[in-house]
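Protein sequences appear in the order of chains A and B. Following this note's numbering, the numbering of the first sequence begins with 1 at its first residue and continues without gaps. Following this note's numbering, the numbering of the second sequence begins with 1001 at its first residue and continues without gaps. Quick reminder that beta carbons are idealized off the backbone N, C-alpha and C, glycines included.
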Amino acid sequence: MIRSWLARRLLLGVAQSAAVLVLIFVLTEALPGDAAVALAGDSPDPERIALIRQAMQLDRPPAERFLGWLGELLHGDLGRSLVTGRTVSGYLADGLGVTLLLAALTLSLLVPLSLWLGMLAARREGSGLDRLISSTTLAVYAAPEFALGVLLSTVLALRLGWLPPTAVGGVAVDPAVLVLPVLVLLARPVCSISRLVRAGMLEALARPYVAQARRYGVPEWRVRWLHALPNALAPAAQQLARTCDWLLCGVVVVEALFVLPGLGSVLLDAVAARDVPVVQGLAVVFALLTVLLNLGADLVARRFSPRTELTR
Amino acid sequence: MKRRTVLIAAAALGVTGCATTAETPSADRATPKSGGRLRAIFAGGGTNETLDPHLSNLFVDAARAKALYDKLADSGSDLAAVPRLATGWEPNATLDVWTVRLRPASFHDGRPVTAEDVLYSYRRITDPKRAFRAKASLEPIDLAASRAVDPGTVEFKLKRPYAEFPNVLAAFGAYIVPKDTETFTAPVGSGPFRFVSFKPGSSLLVKRNPDYWEGAPHLDELEILIANEESARVSALLGGQADYAHELNPATARANEGRGKVEVIRLRNSAMQGFVMKTDKAPFDDKRVRQAFFLIADRKELIDGALSGAGEVGNDLFGKGAQYYPSELPQRAQDLAKARALLKEAGQEGLKVTLDTSPVAAGFVEAAGIFKEQAAKAGVTVEVRVGNKDTYWKDILDGGVFASYRSGALPIESHLSQRLLSNSTTNATHWKHPDFDELYLQAQSTRDPAARSALFQRMQRRLYDEGGFLIWGFADWIVATAPTVRGVAKDAPANTLDWARFDRTWLA
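Pasting the structure below:
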C-alpha cells in the first residue's frame, strides 16, 4: 500500500514540477523587458539592444525557445546563461555550496533546539518557564529577518566586536562569519517548530492511551519520548520540510545582508537580468527539492502517526 | 526591501558610533608606505560578472578594469582627456587624421604594448556583430583605414573632423588588450596590478605589477570585494573586513563622519540629477512650458529632500565643474509667479502631466514626490508613475513625456554628441535641431580651443534657455575608507582617472 502511495505521490511531484516550469517561463516572459534591455541598462541605444537580442537569440518566438530549452533539459543539460554564456549548472554549483552549508548548519541546530524547547515548555505547562518560552518565541517570530539581522550584527559585531559583521572575504578564511547568518536563519523556525512540538506534546499527553500507559506503570520518560513525542512530531516534521524549502531555495534577505553568494542571490541577479535559462534552471532545482522534501515529510508523518493520515 | 534595510542600518549605526572618540585621520602628506593588501568593497553585478574589460558596465567593472588594464587616455578631474598609454596626439590640419604616439609599456606577460594591440582592441569593441558599450563612442573612427605607422605610433583616420577626439581614447570601456585576446579567465593587461584570482560576484585578487610604466603601486595586493547591500558594505568597513567602501548613502555617511572610525570622502559633481522633458511631445513641445518647469523647481529643497543634502544645485546644464561649462550663466531659482505666467501664455493653465520615475537610482522616487509638491504650487498637477527598474532607461527613452534622469560624469562634448544631436543614440529629450547639429560639427572642425569653447558655450546657452533637461542638482558620490588608507583622491568624480585608483593609495 505504501508503495502505490509513493508512486502516486512521485507522479504528482513530477506533474507539479512540470507545471512550475511552465508557470515560471510564462511569468518571466511576462516581466517587462528582456535580457537585452536589462543588459543595456542606462545606455539603451536601440541598435545595441537589437544586436544583443539577436546574439542571445531572443528574436525567436517564446514557445520555440521554451521547447528548445526543454529538449536540452531532457538530455540533462540546463543550458547556458544568456548574459555570460557560462553553464547554468555552473551557476547552481557556485550558489549551492554556500546555501547547503548554511542549511545544514541551521538544521543541525534547529532540530535538537526546537525539540528541547518544545518538550521543556510542554513538561511545565503553565509554569513561568513555559510562559517565558512562549512569549520569547512569539516575539522573535514576529521580528522580520532583516531587522533581526541588522540588530544582531550591530550589537554583536560592530558594538561588541565578538563576531565578523558580514561574510565578506569568504567562509574559508574565517568560519566565524557563519555565526550571525545561522543565528538569523534559526530564529524564526526555532520558534514555530518548538511551539508545534509543545502543542503536539500537550495534545498527545492528554490522550487516553498515554493515561493507559501511565496506569500500566510505564516510566514517565518512556511515556514522553516513545509514546507522546511521535504523535507530536507529525505537524513539526511538515513544518520542518517547509523550513528546508525555505533554507535551500534561498534566503535572499540573509544572503544579501551578510554577503553570502548563495542560490537566493543567484536567483535575484538572474531575475533582474532577465536571464531566463538561469531562472529556469533554478526553478527546476527548487521544484524538485520542494517535492522531495514534502514527500519525505509526509512519509515521516505517516510513519509516526498513521492515524492523522486516516482522519484526513 | 532595499530601502528599508538601509534606513534601519543607518539608524542602528548612529547609535553605535557614540562610544568612539573623535579623531581626525591625519592628512595624506606623509611619504607613501609600501606593502599590504587593500580590500575595497563595491556593489557588483552578481554572478554575471566577467573580466572582459570591453564588457565593463558597472562601477566595479571599471575599478577592476582599471587595476588590470590601461586606456590610451583617461578623463581628468575636469573631464578633459589626460594621456595614459598614449604620450600625446597630433591632428592634421583638417582634424580628421590623428597620430597617437604610445609610451614604452608592457603587458603582464612581458610583451610590449604596440600599435597592433591598440588597433585589435578597438576593432574588437566596434565589431558590428557585437554590442560592446564603447562601440558608440568609437564610432567616429574609420578603423579599416586606420593603421600602425610603427609599433609605437597609431594613425587614426576619422569619418569626420573631430577636435575632441582624445575623449574617444578616454571612453568608458575602451581598454587595450593584447592582440587576439578573446578569453579573460586569466586576464593579461598592462595595468598597475596583475591577475591572481577571480570569483564572479564575490572577489577579485590582484598583485602589484613591479614593471608598471608609471611606477609600481605601493600596495602588495588589492582585493576587490562585492556587497550589493549598502548596509553590508558599511558593516564590512566598520568591522574591519574592508578598507575602502564605495557608494554610501548620505545618511550613513553623516552618521559616521567625524567619529574617527572611518573617513568619509565626497566626490563632488559625480552624478547629474534631473528630469527630462520630451521636447517634441505636448505639452513640452512648447518651450514656454519647459521654461515654466525650469522655474518651478526649488533646487535646494530637492537636494535636501532627495539627496539628504549631499550635493550641489544644478543650473539645467550638464557637466558642472567640467571643461567648457558656462559657469557665468545666472543660477536659476524658483519663480512660481513667472512660471504661472508662462503657462498661462502657453494656454496650459491647470496642466496635468505624468512623471515617470523608478527606484533605479538613489533619490529618484523622492525627487519625483518633491517636484510634485512644488509643481502644485504653480497650479500644475504632476502624477507620479513608478516604473520597473530593470527596464527603466529603455522605457523612458521614447515613452512618456516627463521622467526622472541621472548621469555619471562625462565630458560635455560626449554628453552633447550622445544625447542631443538628431542622430544621437540615447536622445531622451528628443532634442533634434539641424542648426544645433551644425554648431556641434562646426565646433569639432575648429582647431582653436578658444573659438571651440565659444561654440560649446553657445550650444549650452541654447539648452539653458529652452532645452529639455531640467537639471536640478549634482550628487556627491560618497566613498569611505578606514583611517589607515591614504592617497585617495578627493576631487575626482566617479569614473574619472583618479577615482578608484588603487595604484596611488597606500596603507599607513
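Contact with chain B is absent for A/S89, since none of that chain's Cβ atoms lies less than 9 angstroms from the residue's Cβ. Using a CB distance cut-off of 9 angstroms, A/P175 does not count as an interface residue toward chain B. Only P46, E47, R48, I49, L51, I52 and A55 from the stretch 46-62 of chain A bring a Cβ to less than 8 angstroms from some Cβ of chain B. For A/L31, the three-state secondary structure derived from DSSP is coil. For chain A, the residues of the stretch 1227-1258 of chain B that bring a beta carbon within less than 7 angstroms of one of its beta carbons are A1227, N1228, E1229, S1231, A1232, S1235, A1236, L1238, G1239, Q1241 and A1242, in chain order. A/T106: not part of any beta strand (DSSP E); member of the alpha helix (DSSP H) spanning V88 to R123, first to last residue. For the options B/R1290, B/R1340 and B/Q1273, the alpha carbon positioned closest to that of B/E1312 is the one of B/Q1273. Nearest to B/S1137 by C-alpha distance, out of B/R1419, B/W1213, B/H1108 and B/P1217, is B/R1419. When secondary structure is reduced to three states using DSSP, B/W1431 falls in the coil class, being assigned neither helix nor strand. Every beta strand (DSSP E) stretch that sits fully inside the stretch 1309-1350 of chain B and reaches 3 residues is listed by chain position as 1311-1313. Around B/R1111, the same chain offers P1178 as residues with beta carbons nearer than 7 angstroms, after the five sequence neighbours per side are excluded. DSSP places B/I1176 in no beta strand (DSSP E); its state is neither H nor E. For a Cβ distance threshold of 7 angstroms, residue set N1048 of chain B lies close to A/V83, ordered along the chain. DSSP, reduced to helix, strand and coil, places A/R65 within a helical segment of the structure shown. Taking a cut-off of 8 angstroms on C-beta distances, the stretch 1457-1470 of chain B does not touch the stretch 1179-1196 of chain B, as fewer than three cross pairs fall below it. Contacts between B/W1477 and chain A, judged by CB atoms closer than 7 angstroms, are missing: the closest CB pair is about 15 angstroms apart. Excluding five sequence positions before and after B/K1490, the CB atoms of its chain that fall closer than 7 angstroms to its own CB belong to I1265, given in chain order. Here B/D1476 carries a strand assignment [DSSP, helix/strand/coil]. Contact between B/S1445 and B/L1095 holds: their C-beta atoms lie close to 6 angstroms from each other, under 8 angstroms. At a cut-off of 9 angstroms between beta-carbon atoms, A/V284 makes no contact with chain B. The beta carbons of B/K1066 and B/A1500 sit closer together than 9 angstroms. Scanning its chain for C-beta atoms nearer than 7 angstroms, with the 5 sequence neighbours on each side dropped, one finds around A/L202 the residues A122 and E125, in chain order.
Taking 9 angstroms as the CB threshold, A/D42 lines the interface with chain B. A Cβ of chain A is located within less than 9 angstroms of the beta carbon of B/P1200. B/A1170 is a Cβ neighbour of B/D1074, given a cutoff of 9 angstroms. DSSP lists B/V1353 as the bridge partner or partners of B/V1382. B/E1373 and A/V155 have their C-alpha atoms some 40 angstroms from each other. Judged by DSSP secondary structure, A/A234 falls within the alpha helix (DSSP H) whose first and last residues are L229 to L248. Bridge pairing for B/S1404: B/F1275 [DSSP]. About 7 angstroms separates the beta carbon of B/N1388 from that of B/S1358, a gap short enough to meet the 8 angstroms contact definition. DSSP places B/P1083 in the strand class (E or B) of the three-state scheme.
The secondary-structure analysis by DSSP pairs B/R1462 with nothing; it has no beta-bridge partner.
By the Cβ neighbour-count rule, A/H75 is exposed, with fewer than 16 other Cβ atoms within 10 Å of its own. Counting C-beta atoms within 10 angstroms of its own C-beta, B/D1395 has 16 or more neighbours from the protein chains shown and is therefore classed as buried. If you draw a straight line from the Cα of B/K1278 to the Cα of B/G1305, it comes to about 25 angstroms.
Ranked by Cα distance from B/I1296, the first of B/T1425, B/W1431 and B/R1340 is B/R1340.
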